[in-house]
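Student: Protein chains in written order, with the working numbering: chain A, -18 to 307; chain B, -18 to 307.
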């Protein structure tokens, strides 16, 4: 019998999950829940659409619910709420608030005897696992994480909030020389500015003061002030022609030594993603498989990708995996 | 209380484990067991050395036994034998025989209510995990594994068995153009010859027929015939000066598509290792930590790295890992 998956939320991530579930042979997508009027939603796959208020009534027909809301406003409420009734998966990515979110979700899912896998995706997610494996294997060493080249949604939004800006797209770009130094085993101490640059494509309102906008961007604390930032003003048409994709990626390094420092080892994990939300969605869907398996074994509570044996993510049996992939 | 680790076998791998255990703050190395006369062994760290026949008598003083023998002759016997008494770790790497080895070890460790983690290292090991994660996340895709540049012990040994050869070192080298095509998202079909070349450094006996040796190498079935192979004859002094290291490494790729083929994603995991045995040893030691934890939870039987939740490999608590690495 196939795993019955449902989605809450139909933005970019929800659409990505829809694709990924339909690409998984051991899963079927049984419902999409939305806060909008269900009649206004046209899904790519034709999955039935319901109001989110009807979700709990359908809980016996759903094995895992994948929550596709945002980390700022949706997931802190939604994940604990649904964890009380379903096995759930989310992509909560506000790093500093993960411990609090974990505790809130854990209480609910333990009471409900369900599994909740939080903070899935690639960072947090696959990058986190690689930081963990790297440290566990090479305790005498250093981690480096580089992001990009890719679109940062948060930084693009920050530019859009500036007076006089119609639209904007921000790319995070790793500094090539820093990458080379790390890959070369130099173990450099790198400042924020030495690791990444930021490139912004901005559509301004007619008559806006471009110098003022540029200055507001490059001096914006937390977002841009600590980076070398380039600002390009372009037309709405150029933005739509050249910057509609949502690519991203990056690299995690572990540079470590063994034998009292005599020998060096470099582990590098790299992602080059055409679509950030579709890749994130693919991690969520593999995690849904693991959640269902863990729950079927009687496990419950909040989990992260750190707690999931890799084999639980893959559809094949342990025997098959040992034979073909080990 | 620290984890009490013991080693069986004191070759390159055993020496690597000795270093790695001593570098782990939560472990202590309590014994080294050898088939040689213990009096003849001088260890780097001064750990007590015993005859391997005395190992079982000391089982109550040892939490995990790390087996550092070879896959061809030692581990098929040793791992099931010791799994009957200890939590054990091995690096069994004869890929085709892993299922049989797993079954043999599983029976013993279940009866003994112990954990046996087999086939740890980097391939099998970290490369295998990356093949698994890649397939689980991107089911519509292809895997590629490249090895090198690095010393292949098996191929070096094969050359040494040729008449007229005194010593030899063989390097496996990935073909740069193949790497570029894979990394570029081309998803090429690659033959054995297109993926790797082999470079051999050979010390011949005085008066040996060099043409004949070279021909025997490059036409050797399984080992060299399917590759472009270069042979260099060098002196014993040159071999000792330039080729005593045991570097290795390689790359695992998963190139996959989402949204019905619309978007491409490339995952690349790469290792650059100054010392193959010391890195392998570091994976064995992290796995020993996981084995002890799994056994303390009441689990038993044979496991592979596929079955180990990543958090079990790292000394920090789940709470700490979520806070600092997720």
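No residue lacks a Cβ here, since even glycine has one placed at the ideal position from N, Cα and C.
Do residue -14 of chain A and residue 10 of chain A come within 8 angstroms of each other at the CB atom, strictly closer than that value?
Tutor: The residue you call residue 10 of chain A lines up with position 29 of the first chain. The residue you call residue -14 of chain A lines up with position 5 of the first chain. Cβ distance < 8 angstroms, so residue 10 of chain A and residue -14 of chain A count as in contact.
Student: For the candidate residues A/71, A/134 and A/92, whose alpha-carbon lies nearest to that of residue 106 of chain A?
Tutor: Sequence index remark: in the first chain, residue 106 of chain A carries index 125 (1-based). Closest by alpha carbon: A/71.
Student: Determine, using beta carbons only, whether residue 24 of chain A comes closer than 8 angstroms to chain B.
Tutor: Within the first chain, the letter at position 43 stands for residue 24 of chain A. With 8 angstroms as the cut-off, residue 24 of chain A does not count as an interface residue toward chain B.
Student: Quick test of your reading: residue 254 of chain A and residue 228 of chain A, contact by CB under 8 angstroms. State the CB separation rounded to the nearest angstrom.
Tutor: Within the first chain, numbered from 1, the residue matching residue 254 of chain A stands at position 273. Within the first chain, numbered from 1, the residue matching residue 228 of chain A stands at position 247. Going by Cβ atoms, the distance from residue 254 of chain A to residue 228 of chain A rounds to 6 angstroms, so yes, they are a contact pair.
Student: Going by DSSP, what residue range makes up the beta strand (DSSP E) through residue 14 of chain A?
Tutor: As a first step, residue 14 of chain A must be located in the first chain, where it is residue number 33. Here the beta strand (DSSP E) through residue 14 of chain A covers 8 to 15.
Student: In its own chain, which residues sit with a C-beta less than 7 angstroms from the C-beta of residue 133 of chain A, not counting the 5 before and 5 after it?
Tutor: Taking the first residue of the first chain as position 1, residue 133 of chain A is located at position 152. Contacts found: 151 and 153.
Student: Chain A beta carbons: is any one of them nearer than 8 angstroms to that of residue 244 of chain B?
Tutor: Numbered from its first residue, the second chain carries residue 244 of chain B at position 263. Chain A contact via Cβ: present.
Student: Any C-beta of chain A sitting closer than 8 angstroms to the C-beta of residue 214 of chain B?
Tutor: Along the second chain, one-based indexing puts residue 214 of chain B at 233. Residue 214 of chain B does not count as touching chain A.
Student: Using 8 angstroms for Cβ pairs, my map puts residue 114 of chain A next to residue 294 of chain B. What's the rounded Cβ distance?
Tutor: As a working mapping, residue 114 of chain A is identified with position 133 in the first chain. As a working mapping, residue 294 of chain B is identified with position 313 in the second chain. Yes, they are in contact, since the Cβ atoms of residue 114 of chain A and residue 294 of chain B sit about 7 angstroms apart, within 8 angstroms.
Student: Please name the residue or residues paired with residue 98 of chain B in a DSSP beta bridge.
Tutor: Position 117 of the second chain, counted from the first residue, corresponds to residue 98 of chain B. B/70 and B/284, per the DSSP bridge assignment.
Student: Would DSSP call residue 112 of chain B helix, strand or coil?
Tutor: Numbered from its first residue, the second chain carries residue 112 of chain B at position 131. In this structure, residue 112 of chain B counts as helix in the three-state DSSP scheme.
Student: Would you tell me roughly how many angstroms separate the C-alpha atoms of residue 276 of chain B and residue 226 of chain B, rounded to the nearest one?
Tutor: Taking the second chain and counting its residues from 1, one reaches residue 276 of chain B at position 295. Taking the second chain and counting its residues from 1, one reaches residue 226 of chain B at position 245. If you take the alpha carbons of residue 276 of chain B and residue 226 of chain B, they lie about 37 angstroms apart.
Student: Which residue's Cα is closest to the Cα of residue 269 of chain B: B/35, B/27, B/47 and B/-17?
Tutor: In the second chain, residue 269 of chain B corresponds to position 288, counting from 1. The candidate whose alpha carbon is nearest that of residue 269 of chain B is B/47.
Student: In angstroms with no decimal places, state the Cα-to-Cα distance between residue 194 of chain B and residue 15 of chain B.
Tutor: Locating residue 194 of chain B in the second chain gives position 213, where the first residue counts as 1. Locating residue 15 of chain B in the second chain gives position 34, where the first residue counts as 1. Taking the straight line joining both Cα atoms gives about 37 angstroms.
Student: Determine, using beta carbons only, whether residue 281 of chain A comes closer than 8 angstroms to chain C.
Tutor: Within the model displayed, chain C is absent; protein chains A and B are what it includes.
Student: What's the C-alpha gap between residue 299 of chain A and residue 100 of chain B?
Tutor: As a working mapping, residue 299 of chain A is identified with position 318 in the first chain. As a working mapping, residue 100 of chain B is identified with position 119 in the second chain. Cα-Cα distance, rounded: 14 angstroms.
Student: Does the Cβ of residue 174 of chain B have 16 or more other Cβ atoms within 10 Å, making it buried, or fewer, making it exposed?
Tutor: Indexing the second chain from 1 puts residue 174 of chain B at position 193. Counting Cβ neighbours within 10 Å, residue 174 of chain B comes out exposed, since fewer than 16 surround it.
Student: Is the beta carbon of residue -1 of chain B less than 8 angstroms from the beta carbon of residue -12 of chain B?
Tutor: As a first step, residue -1 of chain B is located in the second chain; it is residue number 18 there, counting from the start. As a first step, residue -12 of chain B is located in the second chain; it is residue number 7 there, counting from the start. Cβ atoms of residue -1 of chain B and residue -12 of chain B: closer than 8 angstroms.
Student: Could you spell out where the beta strand (DSSP E) holding residue 245 of chain B opens and where it closes?
Tutor: Numbered from its first residue, the second chain carries residue 245 of chain B at position 264. Run containing residue 245 of chain B: 244 to 254, per the beta strand (DSSP E) assignment.
Student: Around the C-beta of residue 282 of chain B, are 16 or more other C-beta atoms found within 10 angstroms, so that it is buried, or is it exposed?
Tutor: Taking the first residue of the second chain as 1, we reach residue 282 of chain B at position 301. With 16 or more other Cβ atoms within 10 Å, it is buried.
Student: Alpha carbons only, please: which of A/124, A/239, A/112 and A/183 is nearest the one belonging to residue 210 of chain A?
Tutor: Locating residue 210 of chain A in the first chain gives position 229, counting from the first residue. When each option's Cα is compared against that of residue 210 of chain A, the closest is A/183.
Student: Would you identify the three-state DSSP class for residue 208 of chain B, choosing helix, strand or coil?
Tutor: Within the second chain, numbered from 1, the residue matching residue 208 of chain B stands at position 227. Reduced to three states, the DSSP call for residue 208 of chain B is coil.
Student: In this structure, does DSSP put residue 172 of chain B in helix, strand or coil?
Tutor: Numbered from 1 along the second chain, position 191 holds the residue referred to as residue 172 of chain B. If DSSP states are grouped into helix, strand and coil, residue 172 of chain B belongs with coil.
Student: What would DSSP say about residue 180 of chain B, mapped onto helix, strand or coil?
Tutor: If you number the second chain from 1, residue 180 of chain B lands on position 199. It is a strand residue.
Student: Nearest to residue 286 of chain A by alpha carbon, out of A/188, A/28, A/272 and A/22?
Tutor: Counting from one through the first chain, the residue named residue 286 of chain A turns up at place 305. Selected option, being the one with the closest Cα: A/272.
Student: CB-CB under 7 angstroms to residue 163 of chain A, same chain, minus the five flanking residues each way: which ones, in chain order?
Tutor: As a working note, residue 163 of chain A is residue 182 in the first chain. Correct list, in chain order: 125, 169, 234 and 236.
Student: Three-state secondary structure (DSSP) at residue 292 of chain A?
Tutor: Numbered from 1 along the first chain, position 311 holds the residue referred to as residue 292 of chain A. Helix, per DSSP.
Student: Under a CB-based cut-off of 8 angstroms, is residue 116 of chain B close to chain A?
Tutor: Against the second chain, residue 116 of chain B aligns to sequence position 135. Output row for residue 116 of chain B: interface = yes.
Student: Would a check of beta-carbon distances place residue 177 of chain A closer than 8 angstroms to chain B?
Tutor: Counting from one through the first chain, the residue named residue 177 of chain A turns up at place 196. With 8 angstroms as the cut-off, residue 177 of chain A does not count as an interface residue toward chain B.
Student: Determine the direct distance from the alpha carbon of residue 69 of chain A to that of residue 192 of chain A, and round the result to whole angstroms.
Tutor: In the first chain, residue 192 of chain A corresponds to position 211, counting from 1. In the first chain, residue 69 of chain A corresponds to position 88, counting from 1. Between residue 192 of chain A and residue 69 of chain A, the C-alpha separation is close to 47 angstroms.
Student: With 16 as the cutoff for other CB atoms within 10 Å, does residue 26 of chain A come out buried or exposed?
Tutor: Counting from 1 along the first chain, the entry for residue 26 of chain A is found at position 45. The residue is exposed, with fewer than 16 neighbouring Cβ atoms inside 10 Å.
Student: Going by beta carbon distance, what residues of the same chain come within less than 7 angstroms of residue 220 of chain A, once the five residues before and after it are set aside?
Tutor: In the first chain, residue 220 of chain A corresponds to position 239, counting from 1. Within the same chain, residue 220 of chain A has close Cβ partners 148, 150, 182 and 184.
Student: Alpha carbon to alpha carbon, what distance is there between residue 61 of chain B and residue 119 of chain B?
Tutor: Mapped onto the second chain, residue 119 of chain B falls at position 138. Mapped onto the second chain, residue 61 of chain B falls at position 80. Those two C-alpha atoms are separated by around 36 angstroms.
Student: Under 8 angstroms between the Cβ atoms of residue 97 of chain A and residue 64 of chain A?
Tutor: Here residue 97 of chain A is taken as the residue at index 116 of the first chain, counted from 1. Here residue 64 of chain A is taken as the residue at index 83 of the first chain, counted from 1. Their beta carbons are under 8 angstroms apart, which means residue 97 of chain A touches residue 64 of chain A by this criterion.
Student: Cβ closer than 7 angstroms: which chain A residues qualify as neighbours of residue 250 of chain B?
Tutor: Along the second chain, read from residue 1 onward, the residue named residue 250 of chain B stands at position 269. Under the 7 angstroms cutoff, chain A gives 250.
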